[in-house]
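Presented below is the structure to which this report refers.
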Amino acid sequence: MGSSSGRHSCVVGLQWGDEGKGKVVDFLAAGADVVVRYQGGANAGHTVKVGAKEYVFHQIPSGILQEGKACVIGNGVVLSPRALIEELDQLVESGLDRERNVWISERAHVVLPYHQALDAARERTETGGKIGTTLRGIGPCYTDKSSRLGIRMVDFVDPDRFRRLLERNVAIKNRELELFYGAPGVDLEAVWSEYSAYADRLRPRVRDITEFLYDADDAGATILFEGAQGALLDLDLGTYPYVTSSNTSFLGIGAGTGFSPRRVGTVYGIIKAYATRVGEGPFPSELETAAGDRLREAGGEFGATTGRARRCGWLDIVALRHTIRDGDVDALVITKLDVLDSLESIQVAVAYRRGAEAVERFPTLLDDEYKPVLRAFPGWKASTSACRSFEELPAAAREYLQFIATATGRPIAMVSVGKERSQTIPLDPWLVPRAKSGE
Ligand code: IMP
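Have a look at this one:
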C-alpha cells in the first residue's frame with residue numbers, strides 16, 4: 003500500500019443518485035488539492051449553493067468553486083464537449099474564470115450528437131425495455147467504448163484523426179438510426195464544424211491524467227475523488243438493466259482514472275435521509291401516495307439535469323447494506339435530514355418480503371414482487387436547519403441517525419441540514435454504531 007493512503011478520499015452515492023454529493027464534495031474540497039470525476043458524464047447534475055447563488059455541475063468536478071483546486075475529468079468519464087463548454091462559460095458569467103484549473107484525460111471518450119440521437123431513438127422505440135435515461139447519450143457512448151468504435155479526447159484534438167474517425171462513425175451510426183430506428187441521421191459537416199471548434203478550445207486542457215495524479219500524489223497533494231450517480235445505478239452492482247452505463251461505486255476509481263484505489267484512504271458514502279429514484283426500475287420502499295408527494299415537495303425532488311419529478315420513498319437498509327459492503331464504504335454522510343422535519347412518523351425498510359418469504363439480502367434480480375418490511379420512528383417535528391452540532395439536533399433526529407449507523411454498521415461523519423455550505427454538521431467524533439444489543 004502506498005504511504006499516501008490515508009490522505010486521499012472518495013465521495014460516492016449509495017442510493018440511486020441525487021444524494022447531495024455536490025455539496026459534500028464542495029465541503030471536503032476545501033481540504034484537497036485535486037478533485038477528480040472518474041465516471042458518468044453530463045447525465046449527472048451536482049448542485050452546490052454558495053450564498054444566494056446555486057450552481058449545477060454536470061461534468062466539471064464540484065470542487066471547482068473552491069479556489070485553486072485542480073479539477074480533473076478522468077478517462078472513465080464520457081465527455082460532452084458541448085456541455086462542458088457551456089458549463090465553463092456559465093462559470094465565467096458568474097465571475098469565475100476557472101478554465102485553467104480543469105484537466106481532461108486524453109483517454110476520456112467523447113459524446114457526439116449521434117450518441118444522443120441513438121439514446122433518444124432507443125428510449126422512444128423500445129417496448130417494455132425503456133430505462134428512462136437522461137437522454138445525454140451516455141449508454142451509446144460507453145457502448146462505442148466497449149466495442150472499440152469510440153473517439154477519445156486524444157483523437158478529438160487531432161484534426162486529421164478526428165475527421166477520419168468521425169466520417170467512419172457517422173456513416174455507421176446514420177445507418178443504424180435510419181434503418182433500425184427510422185430516425186433521421188446526423189449531418190457530418192454540421193457536427194464537424196461545431197465540434198472541431200470545441201476541440202480547438204479544449205486542446206490545452208487535455209493531458210495524461212494518470213501521470214498527473216501519480217505526480218500529484220508523489221508531491222504530497224491531497225486528492226478527492228467524486229463519484230457521480232449512486233451505487234444502485236452501478237452497471238455491475240446496481241439494479242440492472244435499470245442502471246447507468248458506468249461503475250459508480252468506489253471500485254470505479256481504478257478503471258476510471260488509472261490511479262490505484264489502494265492509495266485512497268476514506269471512502270465516504272452519501273445517503274439522503276430518505277430515498278429517491280429517477281427513471282424506470284424497481285424501488286421497494288417507494289411511496290406512491292400523498293406522503294411521497296410531500297417528500298418531493300419538501301425536498302425539491304426534481305432532476306437537476308432533466309427537471310423530471312423524482313420518485314420518493316423511505317430509506318432502504320437492505321439496499322444500503324449491499325452498496326456499503328460492495329463499495330467498501332468507511333463512513334457515511336447523511337444529507338437532507340431537514341426534509342423530514344415536519345413528519346409525524348418516519349419509516350425505514352429494514353427487510354423485504356417476497357410473498358411469504360422474508361428477505362434480508364439484496365437480490366441480484368430485484369423486481370416489483372419485493373415489498374418492504376417497514377419500521378416506524380417518531381418524527382421530531384422541529385426545524386433542524388439552524389442546528390450546527392449533533393447535540394443541537396432534536397433527540398428523535400439523533401435517535402434516527404444512531405439507528406442508521408447501527409443498522410448499516412458504519413459511523414456517520416457528517417450530517418447536512420440544508421443547501422447552504424454552512425448547513426453542514428461535521429461530527430467530531432464520528433457517530434459510531436451502537437453495540438448490537440442496543441439496536
Ligand atoms: P443514463 O445514465 O442517462 O443512461 O440513465 C440511466 C439511468 O440512470 C436512468 O434511470 C437515469 O434516470 C439514471 N441517472 C443517470 N444519471 C443520474 C443522476 O445524476 N441522478 C439520478 N439518476 C441518474
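3 is the number of the first residue of the sequence shown in the numbering used here; add one for each residue after it.
Cβ coordinates follow ideal geometry from the N, Cα and C atoms, glycine included.
If you reduce the DSSP assignment to three classes, tell me which class ILE133 lands in. Correct three-state label for ILE133: coil.
| query | When the Cα of THR246 is compared with those of THR291, LEU237, GLY254, ASP328, which residue comes out closest? | reply | Of the candidates THR291, LEU237, GLY254, ASP328, the one whose C-alpha sits nearest the C-alpha of THR246 is LEU237.
Practice task
Consider the C-beta atom of GLY329 and the heavy atoms of ligand 2; say whether any pair is separated by less than 8 Å.
Solution key: Among the ligands in the structure shown, ligand 2 does not appear; only ligand 1 can be found there.
message = Extract the residue ranges of the beta strand (DSSP E) inside the region 272–304, only unbroken runs of 3 or more that lie entirely within it.
response = If we require 3 residues or more, the beta strand (DSSP E) runs fully inside the region 272–304 come out as 277–279.
Is the closest heavy atom of ligand 1 to the C-beta of ARG126 under 8 Å?
Flag unset: Cβ of ARG126 not near ligand 1.
- request: Return helix, strand or coil for ARG423, following the three-state DSSP convention.
  value: Note: ARG423 maps to coil in three-state DSSP.
ask   = Can you tell which of GLY254, GLU228, ALA311, PRO435 has the C-alpha that lies nearest to the C-alpha of ALA72?
value = Considering only alpha carbons, the answer is GLU228.
PRO374 bridges to which residues according to DSSP?
TYR354, per the DSSP bridge assignment.
* Three-state secondary structure (DSSP) of GLY440 -> Residue placement at GLY440 is poorly supported in this model, since its pLDDT is 46, which falls under 50; the coordinates still yield a value, given next. Here GLY440 carries a helix assignment [DSSP, helix/strand/coil].
Check: Which value, in whole angstroms, describes the spacing of the CA atoms of ARG109 and ARG207?
Finding: One C-alpha to the other measures close to 13 Å.
- Near GLY187, which residues of its chain fall below 6 Å by C-beta distance, leaving aside the five closest residues on each side in sequence? In chain order, ASN176, LEU179, GLU180 place their CB closer than 6 Å to the CB of GLY187, counting only its own chain and leaving out the 5 sequence neighbours on each side.
So, at 8 Å on beta carbons, what are the nonlocal neighbours of LYS23 in its own chain, with the 5 sequence-adjacent residues on each side left out?
Spatial neighbours of LYS23 in its own chain (CB-CB distance under 8 Å, excluding positions within 5 residues in sequence) are listed in chain order as VAL13, VAL14, GLY15, HIS48, SER64, GLU228, GLY229, ALA230, ILE272.
- Look at VAL112 and ILE62 and say whether their C-beta atoms are less than 9 Å apart. No, Cβ-Cβ distance for VAL112 and ILE62 is not below 9 Å.
ask   = Are the Cβ atoms of SER387 and GLY420 separated by less than 9 Å?
value = Taking 9 Å as the cut-off, the Cβ atoms of SER387 and GLY420 count as close.
**Study point:** GLU359, buried or exposed, once every other Cβ within 10 Å from all chains shown has been counted against 16
**Key:** GLU359 comes out exposed.
Is the distance from the Cβ of LYS147 to the Cβ of VAL193 below 9 Å?
In this structure, LYS147 lies away from VAL193, with their beta-carbon atoms at least 9 Å apart.
| request: Determine which residues share a DSSP beta bridge with ARG163 and list them. | output: Paired residue(s): none; ARG163 is not in a bridge.
- [ ] State buried or exposed for GLU524, treating a residue as buried only when at least 16 other CB atoms are found within 10 Å of its CB.
- [x] Not covered by the structure: residue 524. The range shown for the chain is 3 to 441.
task = Alpha carbon to alpha carbon, how far is ARG265 from THR212? Give it in angstroms, no decimals.
result = Their backbone Cα atoms lie some 13 Å apart in a straight line.
| task | Pull up the CB-CB distance for ASP157 and GLY141, whole angstroms please, since I reckon it's below 8 Å. | result | Actually they do not touch by this definition, with Cβ atoms about 21 Å apart.
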